[in-house]
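Just below is one structure, and these are the notes that go with it.
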Amino acid sequence: MKISTAPQYYFIFLFLVNKYEKEKLQRLLQDQLLKDQAFRTTIEEKIQTIENINDVIDYINKSYRLGIPIAKEIVDEIRK
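Each residue of the sequence shown is one higher than the one before, starting from 1375 at the first, in the numbering used here.
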């Protein structure tokens, strides 16, 4: 009896599409957050008051569920 592999490929395809859409939405949120002056002010204050920059990155990651790399990009952008 031969087992079809088509359903497996279908789930892999759906997984990749879902991952792509999630990353796309995270980038859109990142762009919107960087345009928001209140957000920028909050992060600037945290950068000045918190000694460890990784804690600021962690705060963004946990608050907005963007992932560490995107949170780091946000901190780097605001620090410029």
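Ideal placement from N, C-alpha and C gives every residue a C-beta, glycine not left out.
Check, Outcome
"8 Å CB neighbourhood of Q1404 in its chain, flanking five on each side removed", "L1440, I1444, E1447 and I1448"
"Environment of V1391 [buried if 16+ CB atoms lie within 10 Å]", "exposed"
"C-beta contact flag for E1480 and L1408 at 8 Å", "It is not possible to answer for residue 1480, since the shown part of the chain is limited to 1375 through 1454."
"Simplified DSSP state of D1429, which is helix, strand or coil", "helix"
"CB of N1435 within 8 Å of CB of I1424, strictly", "no"
"Which of helix, strand or coil DSSP assigns to I1442", "helix"
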